[in-house]
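Taking it in order: structure first as structure tokens, then the write-up.
In UniProt numbering, the protein residues as written are 1 to 526.
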């Protein structure tokens, strides 16, 4: 999932959590908070009414939560009058009925004899007897029991009436809605009127609806808690989201640091679990490190190859320059002697071939120097007729072999090798040259050519066992064979490495066997 989509989904989830919290708050917490708040407000209101009336004996100036439903009963400790007061009225009630007056006196005495209102003992009043005494005879006036004086008040001038509504429910029912409101509450009365076959029926329902100024303090009081919870939810969600984003980046940074410390050593790739841009970055980092490591290894291999090449050229040039001194000196001495006709050198027919041999030796050394500059980039692989190439090489050594009365025994199969013909000629030339040089006079050189290998065996030759592991190194020879063994096998090893072939040289029974494999195999450093 892309980071943009992931961020969008996380934002949606956080928003849903916040909305869910707000909904739960309004569904479960707000009603209970309102009930608790309203109960506390009503309690404080009745206390204020009680204290205010006790002080002023009037509702004037008092803030009443429900002015239409609030009233105070005042029973003086003396006299036969009691008072009932409200926000808009005051009743003075004079008690005339003796039993009722006696009950009031008992209540007064109980109050006077109590130290506190909490210790007040309600007098034992016979309410059945009181009820019976207050029963009026048929047609008897209420004024015989008590007299009532009503004083109206203007305190409800803040109450305003609302325009009524009529709801037609059906053909037989209609509902009238009317009401009033003060600064705290709305008062609504519903009157339903309907008729049946035998009557007209009215139903009344008065209700009181709190205004928003009652809900607002609850909401304001809850704001710190709501803000704290919302902040906590956002903090937790942001922490989770940031870990989802930051942790993979920390892993990438740690892996990059490990790569820097490791250099170009092989390291396990970074495990990628993310499917977003961070995952793509991790994959690219793995690929980049692997590519750099391979390029570094390739560069190291080329540097090692170049170092070996430089070493070979340096070694071969030093050795060749040293070897060139001998034939050059010999040729100069021979020509100088023949020119001056000194002693035996007067016989030019005998010593001119020797001069030629020395010149051919110098040419061979120069050719070796030139071919040593072959590199892998200059190799031209093409089908080479190995039989024809071998025949040409053997023909070039017919005279030296004839001088030593050597015989060649060849066992050949028709072979076409995919290789560089010039380099292969140098390899065969060096192998045949070594065989001719180290085979005793009248000896036999056996050559086998198959599709897989070329073998040359020279009977009577032997390589010291302690020299075998080092025969491909330059200037390796024993004191008895220093003259002949120098760079030939070193050059062969170099050419074989260029072609990717393998050569093995070993002492066999009564001779030395050189085996060259004509197919690419895992190369063993000779």
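C-beta atoms are modelled at their ideal positions from N, C-alpha and C, and glycine is treated no differently.
**Request:** Helix, strand or coil for residue 462, going by three-state DSSP, please let me know.
**Result:** In the structure shown, residue 462 adopts coil according to DSSP, grouped into three states.
**Request:** Buried or exposed for residue 420, please, with buried defined as at least 16 other CB atoms from any protein chain shown within 10 angstroms of its CB.
**Result:** The residue is buried, with at least 16 neighbouring Cβ atoms inside 10 Å.
**Prompt:** Which full runs of the alpha helix (DSSP H) of 4+ residues lie inside the region 297–376, going along the chain?
**Reply:** Taking only runs of at least 4 residues, the alpha helix (DSSP H) segments lying wholly in the region 297–376 are 348–372.
**Boundaries of the alpha helix (DSSP H) in which residue 468 is found, first to last residue** = Neither: residue 468 is in no alpha helix (DSSP H) and is coded neither H nor E.
**Message:** Since residue 444 and residue 409 should fall inside the 8 Å C-beta cutoff, what is the C-beta to C-beta distance between them, to a whole number of angstroms?
**Reply:** Right, their Cβ atoms sit about 6 Å apart.
**Message:** Is it buried or exposed, residue 200, if we count other Cβ atoms within 10 angstroms and call 16 or more buried?
**Reply:** So residue 200 counts as exposed.
**Message:** Spatial neighbours of residue 230 within its chain, please: C-beta separation below 8 Å, excluding the five flanking residues on both sides.
**Reply:** For residue 230, same chain residues with a beta-carbon under 8 Å away, outside a window of 5 residues either side, are 18, 21 in chain order.
**Message:** Rounded to whole angstroms, what is the Cα-Cα separation between residue 447 and residue 461?
**Reply:** Whole-angstrom Cα-Cα distance: 15 Å.
**Proximity winner among 262, 519, 442, 369, relative to residue 488 (alpha-carbon distances)** = Just measuring C-alpha positions, the residue of 262, 519, 442, 369 sitting nearest residue 488 is 369.
**Request:** Give the straight-line distance between the Cα atoms of residue 251 and residue 242, rounded to the nearest whole angstrom.
**Result:** Going by the C-alpha atoms only, they are around 14 Å apart.
**Identity of the residue in 130, 164, 14 nearest residue 234 by Cα** = For residue 234, the nearest C-alpha among the options comes from 14.
**Item:** residue 482 - DSSP class collapsed to helix/strand/coil
**Value:** Note that residue 482 has pLDDT 43, beneath the 50 cutoff, so the model's placement of it is unreliable and no number is given.
**Message:** Quick check on residue 192: does DSSP put it in helix, strand or coil?
**Reply:** Note: residue 192 maps to strand in three-state DSSP.
**Asked** In terms of residues, what are the limits of the beta strand (DSSP E) holding residue 411?
**Response** Looking at the DSSP string, the run of the beta strand (DSSP E) that includes residue 411 is 407–412.
**Message:** Quick check: the region 104–116 against the region 85–94, are at least 3 beta-carbon pairs closer than 8 Å?
**Reply:** Short answer: they don't touch.
**Asked** From residue 492 to residue 426, what does the alpha carbon distance come to, in whole angstroms?
**Response** Take the alpha-carbon of residue 492 and the one of residue 426: they are about 8 Å apart.
**Item:** Buried or exposed by the 16-neighbour rule on C-beta atoms within 10 Å, applied to residue 327
**Value:** Buried, because 16 or more other Cβ atoms sit within 10 Å of the Cβ of residue 327.
**Where residue 525 falls: helix, strand or coil (DSSP)** = Any reading at residue 525 must be qualified, since the residue scores a pLDDT of 41, below 50, and its modelled position is unreliable; the value itself is stated next. DSSP places residue 525 in coil when its eight states are reduced to three.
**Prompt:** Which of the three DSSP states, helix, strand or coil, is assigned to residue 90?
**Reply:** Judged by DSSP in its simplified three-state form, residue 90 adopts strand.
**Asked** Under a three-way DSSP split, which group does residue 293 fall into?
**Response** Looking at residue 293 - three-state DSSP - the assignment turns out to be helix.
**Request:** Closer than 6 Å by C-beta to residue 514: which residues in its own chain qualify, once you throw out the five before and the five after it? Chain order, please.
**Result:** So the qualifying residues of the chain are 431, 456, 505.
**Asked** Which residue from 80, 518, 42 puts its Cα closest to that of residue 69?
**Response** Closest option to residue 69, Cα to Cα, is 42.
**Asked** In whole angstroms, what separates the C-alpha of residue 415 from that of residue 468?
**Response** Cα-Cα distance, rounded: 30 Å.
**Item:** Local Cβ density within 10 Å of residue 72, reported as buried at 16 or more and exposed below that
**Value:** Residue burial annotation: residue 72 is buried, with at least 16 other C-beta atoms found within 10 angstroms of its C-beta.
**Request:** Starting from residue 103, follow the alpha helix (DSSP H) in both directions and report where the run begins and ends.
**Result:** Residue 103 -> alpha helix (DSSP H) spans 98–112.
**Request:** Answer yes if the region 169–181 comes into contact with the region 191–200, meaning at least three C-beta pairs across the two stretches below 8 Å, and no otherwise.
**Result:** In short, these stretches touch, since the Cβ pair count reaches three.
**Asked** How is the beta strand (DSSP E) around residue 444 delimited, first residue to last?
**Response** 444–449 is the span of the beta strand (DSSP E), which, as asked, contains residue 444.
**Request:** Between the Cα of residue 260 and those of 55, 349, 288, spot the shortest distance and give me the residue it belongs to.
**Result:** Residue 288 is the option with its Cα nearest to residue 260.
**Asked** What span of residues does the beta strand (DSSP E) with residue 176 cover, start to end?
**Response** For residue 176, the enclosing beta strand (DSSP E) covers residues 173–181.
**Prompt:** In chain order, what residues of the same chain have a beta carbon less than 6 Å from the beta carbon of residue 162, not counting five sequence neighbours either side?
**Reply:** Same-chain partners within the cutoff: 179.
**DSSP three-state assignment for residue 185, whether helix, strand or coil** = Three-state result, residue 185: strand.
**Message:** Using 8 Å as the threshold, is the C-beta distance between residue 510 and residue 459 below it?
**Reply:** Yes.
**Request:** Return the chain-ordered list of same chain residues with a C-beta closer than 7 Å to the C-beta of residue 544, the five sequence neighbours on each side being excluded.
**Result:** Outside the displayed range of the chain (1 to 526) lies residue 544, so it cannot be described from this structure.
**Message:** Quick check for students: name the residue ranges of the alpha helix (DSSP H) that lie wholly in the region 411–439, counting only runs of 4 or more.
**Reply:** Counting whole runs of 4 or more residues, the region 411–439 contains the alpha helix (DSSP H) stretches 421–438.
**Asked** Excluding sequence positions up to five away, which residues of its chain have a Cβ less than 6 Å from the Cβ of residue 494?
**Response** Cβ neighbours of residue 494 beyond the five flanking positions: 312.
**Message:** Output needed for residue 152: all residues of its chain with C-beta closer than 8 Å, excluding positions within five of it in sequence on either side, in chain order.
**Reply:** These residues qualify, in order along the chain: 88, 89.
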